[in-house]
Amino acid sequence: MLRRLHALPGLVLALGLTVTALSGAALSIQPALDRLAAPAIPSGTSVAALAEAVSVRHQSVDAIRLRADGSLTVAFNDGGGRGVEQVDPATGAGLGPYRVSDTTRFVTNLHRAFLSGDAGRAVAGICALAMLILSVSGAVLLARRLGGAGALLRPIRGTPAQRWHGELGRLAAAGLILSSLTGLWMSAGSFGLIPGTEGTVPEVVASAGGPAPVGTLAALRSVDVTRMRELTFPAPGDPSDTYGLRTAAGEARIDAATGAELSFTPATPLDRLNDLVRTLHTGRGAWALGLLLGLSAATVPVLGATGAVMWWRRRAARPRIAMNAPLRTADTLILVGSDGNSTWGFAATLHAALTRAGHRVHTTAMNEFRALPEATQRLLVLAATHGDGAAPGSASSFLPRLAHLAPRLDRRVPVAVLGFGDRTFPRFCGYAEQVSAAFAAQGFPQLQPLKRIDRRSAQEFAQWGRDLGSSLGHDLVLEHTAERPKTLALELASREDYGAAIGAPVAILRFRGPGRGAAAGRLPAFEPGDLLGILAPGADMPRFYSLASSSRDGMVEICVRLRAGGLCSTFLHGLAPGDRVEAFVRANPVFRPAKGRAPLILIGAGAGIGPLAGLVRANAAGRPVHLYWGGRSPSSDFLYEHELAQHLAEKRLTSLQTAFSRGPDGRAYVQDRIAADAPRLRELVRQGAQILVCGGRDMAEAVTRAFEPVVRPLGLDLATLKSHGRYVEDVY
């Protein structure tokens with residue numbers, strides 16, 4: 001719901017918000033320009049002295065004003081016509097006519113009313129409300145994503161659009177909230193929705209004597225020009241008229257003959273609030289604030305563009321669940337936790353089968369779980385596991401939400417949890433286990449025991465369906481056919497082979513789009529560490545390999561170890577230049593270097609060097625990068641040896657530490673190099689280094705054991721570093 005509340009105003013009012021923001025950003029520069037252009041008002045100059053200096057130059061003066069832009073102006077009538085001039089606050093000398101440029105008037109009218117009068121002002125008010133909703137909901141969503149309000153300064157990981165949207169959003173949030181709140185207040189005031197602020201002005205009786213020289217009036221001599229807002233002069237020839245002096249404190253009426261203060265009407269709290277709101281919104285009188293608000297406003301078009309990209313991608317990836325019953329009427333609620341779309345495919349199959357059996361079924365993401373209506377008779381949870389036991393993207397906030405909602409839920413509703421994962425990982429379906437345990441801890445009965453599906457097995461899913469049908473008292477046939485991902489054809493351009501001498505073949509394979517020259521197929525955007533899914537002939541599922549190149553390299557590069565009985569690795573090792581594969585790219589935004597110049601510590605073994613070598617290759621800026629890598633034999637499988645040597649010479653790579661289990665100096669592993677290099681690594685971590693680990697599960701576990709003693713003297717542990725995005729793994 002909050003995500004929809006955040007997206008809807010931005011999508012509906014995108015053009016209006018952009019115009020309002022850009023015009024506001026343009027206007028925000030004006031206070032700083034005015035400060036540079038307007039003469040400084042010297043302290044100690046009285047209103048009386050300024051008024052006298054102005055009066056001697058004009059036949060009749062109507063008013064002197066200290067404007068919000070810092071300039072002093074005089075409205076006068078010299079017989080030949082009325083005029084307004086800017087004056088020097090130190091001497092009262094004229095500085096020429098006061099004019100607001102046509103451009104400024106145009107931009108101001110565009111900002112306030114879209115050049116459309118009252119209708120435009122109404123739209124501007126709606127845009128201010130929309131911006132407030134977007135800013136507040138965006139801040140809440142970002143806090144949720146990062147782990148709470150206290151984690152708002154943590155690194156933001158994700159696609160480029162997600163990172164730009166999050167980084168700019170948190171930088172601009174305070175300014176946008178302030179601008180939208182004050183803009184909404186001013187819009188309400190322009191339509192009379194805020195009570196009037198005029199105080200009761202008492203009747204005054206002037207002495208009716210001849211007017212004294214304005215420079216002699218005591219009430220004006222006691223007020224500094226810096227405190228004045230406006231001084232109005234009495235009408236010529238009217239002995240009953242008075243001077244009016246308005247300051248931030250209120251308005252005084254002053255006898256023109258005696259200089260006595262006849263009355264004083266103090267400013268109301270609402271007056272002061274309106275003045276403050278105007279200053280906070282426009283930056284008039286606070287040029288530094290104006291520039292900050294302008295910078296915040298300037299981010300809105302980028303936030304809008306990145307937000308639209310994210311919305312479109314979510315919409316394109318959203319599963320199509322046919323006949324999805326409203327939640328309030330559904331007897332069966334299916335919750336889905338998935339990083340890609342494969343688990344949603346299983347959910348759609350289950351949804352369709354239950355609907356055919358006569359059930360009213362509502363399917364939604366685990367993060368969208370809010371309630372269990374009275375009609376709900378059962379809860380089915382399909383939860384994938386990300387990495388080694390982590391929550392998938394659409395379930396990242398589910399467990400805390402369940403703990404929060406549980407006291408208000410009907411805990412008599414039975415629950416069945418179905419986990420999806422890879423049995424080769426030690427925490428096979430680890431997240432599904434956490435979900436099942438959380439429901440049990442809250443007292444929910446089990447409809448079915450926890451079931452684990454290995455590598456999206458349609459057969460295991462069908463068996464679970466039969467068991468579920470038995471619990472429901474009817475047959476339930478789940479015939480699931482995985483949707484084939486959209487692929488592109490890649491042609492093998494070149495290959496480098498290693499490890500044959502020691503019986504552990506590894507190949508570096510470089511692909512290009514099919515065709516040559518201008519006819520070459522275009523490659524999608526990707527970065528080192530993203531994943532290449534390859535569909536080998538006869539395979540039911542794609543096999544994923546970490547990319548060692550970026551799309552800027554003009555090629556797709558992977559590093560593949562030949563595994564005994566491995567269908568895909570055998571297929572890839574049998575390729576010759578010119579052969580083609582069917583493949584697709586999947587983003588892996590978690591495995592990314594954080595922005596900035598903090599050192600990177602890259603750790604890998606075997607074919608895990610692929611994405612690490614790609615990160616080094618992309619380090620044209622010369623960021624400190626330290627690579628630790630383990631292989632078997634320096635003479636047989638030193639992957640990327642010559643390229644890494646070149647990167648060392650070019651300063652793309654700061655240091656390289658290798659370990660070989662069959663080296664001439666005895667057996668050594670990458671974790672041994674980490675333990676031996678502990679003092680240097682500890683200092684790098686103290687400097688803010690980020691650690692990225694890529695390779696097999698056993699190696700990753702050994703590296704974890706070796707790194708814990710490195711960071712412990714700093715008062716850190718790997719769990720903390722992982723939560724802050726400073727220890728990232730890509731483990732297979």
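Numbering (UniProt numbering), first residue to last: 1 to 732. All residues carry an ideal CB built from backbone N, CA and C; glycine is no exception. Quick caveat: nothing in here was measured; it's all calculated off a predicted structure.
Residue span of the beta strand (DSSP E) that contains H404, given as start and end: Looking at the DSSP string, H404 is not in any beta strand (DSSP E); the run it does join, the alpha helix (DSSP H), is 398-405.
Quick check: K65 and R229, are their CB atoms within less than 9 Å of each other? The question names Lys, but residue 65 is Arg in the sequence shown. Closer than 9 Å, so yes.
### Environment of Q459 [buried if 16+ CB atoms lie within 10 Å]
Taking all protein chains shown into account, Q459 has fewer than 16 neighbouring C-beta atoms within 10 Å of its C-beta and is therefore exposed.
- Query: Counting pairs of Cβ atoms below 8 Å between the region 19-36 and the region 287-301, do you hit three or more?
  - Reply: Three or more Cβ pairs closer than 8 Å define a contact, and the region 19-36 meets that threshold against the region 287-301.
**Message:** For A40, tell me which candidate among A208, T91, D530 has the shortest Cα-Cα distance.
**Reply:** Nearest Cα to A40 within the set A208, T91, D530: T91.
message = Does H404 pass the burial test, meaning 16 or more other C-beta atoms within 10 Å, or should it be called exposed?
response = By the neighbour-count rule (16 or more Cβ atoms within 10 Å), H404 is not buried but exposed.
Can you say whether H474 is buried or exposed, counting buried as having 16 or more other CB atoms within 10 angstroms of its CB? It is exposed - the Cβ of H474 has fewer than 16 other Cβ atoms within 10 Å.
With a CB to CB cut of under 6 Å and the five nearest residues on each side skipped, what residues in its chain are close to A139? Excluding positions up to five away in sequence, the list reads A173.
Give the DSSP-derived three-state secondary structure of D62 in the structure shown.
Assignment of D62 by DSSP, reduced to helix, strand and coil, places it in the strand class.
Counting Cβ pairs, one atom from each stretch, are 3 or more of them under 8 Å apart for the region 417-431 and the region 369-376? No, the region 417-431 does not touch the region 369-376.
For P236, which residues from the same chain have a beta carbon less than 8 Å from its beta carbon, with the 5 sequence-adjacent residues on both sides left out? If you ignore the 5 residues before and after P236, its C-beta comes within less than 8 Å of the C-beta of S60, all in its own chain and listed in chain order.
If you draw a straight line from the C-alpha of P679 to the C-alpha of A706, how long is it?
Each residue's Cα considered, the two are about 13 Å apart.
(request) Closer than 6 Å by C-beta to W185: which residues in its own chain qualify, once you throw out the five before and the five after it? Chain order, please. (result) Annotation for W185: V277 place their beta carbon closer than 6 Å to its own, counting only its chain and skipping 5 residues before and after.
The beta strand (DSSP E) that contains Q459, what's its start and end?
Run containing Q459: none in the beta strand (DSSP E); it sits in the alpha helix (DSSP H), 458-472.
### Query
Are the beta-carbon atoms of T332 and R378 separated by less than 9 Å?
Yes, they are a contact pair.
* Asked: What are the boundary residues of the alpha helix (DSSP H) that includes T268?
  -> Per DSSP, T268 belongs to no alpha helix (DSSP H) and is neither H nor E.
I think G337 touches P392, with their Cβ atoms under 8 Å apart; what is that distance to the nearest whole Å? Contact holds; Cβ gap of about 5 Å.
Do you know whose CA, among G79, P234, P239, lies nearest L245's CA?
With distances taken between Cα atoms, L245 lies closest to P234.
Beta-carbon proximity check, residue 745 vs R423, cutoff 9 Å: For residue 745 there is no data in the structure shown, the boundaries of the chain being 1 and 732.
Note to self: Looking only at its chain, what residues have a beta carbon closer than 6 Å to the beta carbon of D553, apart from the 5 residues adjacent to it on each side?
What the structure shows: For D553, there are no CB contacts under 6 Å within the same chain when 5 residues up- and downstream are skipped.
- Query: At what residues does the beta strand (DSSP E) containing residue 742 begin and finish?
  - Reply: Only positions 1 to 732 of the chain appear in the structure, and residue 742 is not among them; the question remains open.
Is the beta carbon of R221 closer than 9 Å to that of V54? Going by C-beta atoms, V54 is not nearer than 9 Å to R221.
Point to revise | Proximity of R360 and A330 at Cβ, strictly below 9 Å | key: Going by C-beta atoms, R360 is nearer than 9 Å to A330.
Just to confirm my understanding: we take L692, look at its own chain, exclude 5 residues before and 5 after, and list those with CB closer than 6 Å. What are they?
The answer, listed in chain order, is L602, V728.
Name the two residues that bound the continuous alpha helix (DSSP H) containing F511.
It is not in any alpha helix (DSSP H) - F511 instead sits in the beta strand (DSSP E) that spans 506-512.
Buried or exposed (CB count within 10 angstroms, at least 16 for buried), K486 = Taking all protein chains in view, the Cβ of K486 is surrounded by fewer than 16 other Cβ atoms within 10 Å, so the residue is classified as exposed.
Note the first and the last residue of the continuous beta strand (DSSP E) segment covering A365.
Here the beta strand (DSSP E) through A365 covers 361-365.
Worksheet item: Whose CA, out of H480, T704, P589, lies closest to the CA of R163?
Response: The candidate whose alpha carbon is nearest that of R163 is P589.
Helix, strand or coil for H165, going by three-state DSSP, please let me know. Residue state, collapsed to three classes: helix.
- [ ] Give every residue of the same chain whose Cβ lies closer than 7 Å to the Cβ of T279, excluding the five residues on either side of it in the sequence, and list them in chain order.
- [x] Taken in chain order, the residues that qualify are G285, A286.
Start and end of the beta strand (DSSP E) containing R320? Secondary structure note for R320: it is in no beta strand (DSSP E), with a DSSP letter that is neither H nor E.
Between the CA atoms of G117 and R686 - distance to the nearest angstrom
Separation of R686 and G117 (C-alpha to C-alpha, rounded to the nearest whole angstrom) is 59 Å.
How would you label A518, buried or exposed, when you count the other beta carbons within 10 angstroms and need 16 or more for buried?
In this prediction, A518 scores a pLDDT of 47, lower than 50, which makes its location untrustworthy; no coordinate-derived value is stated.
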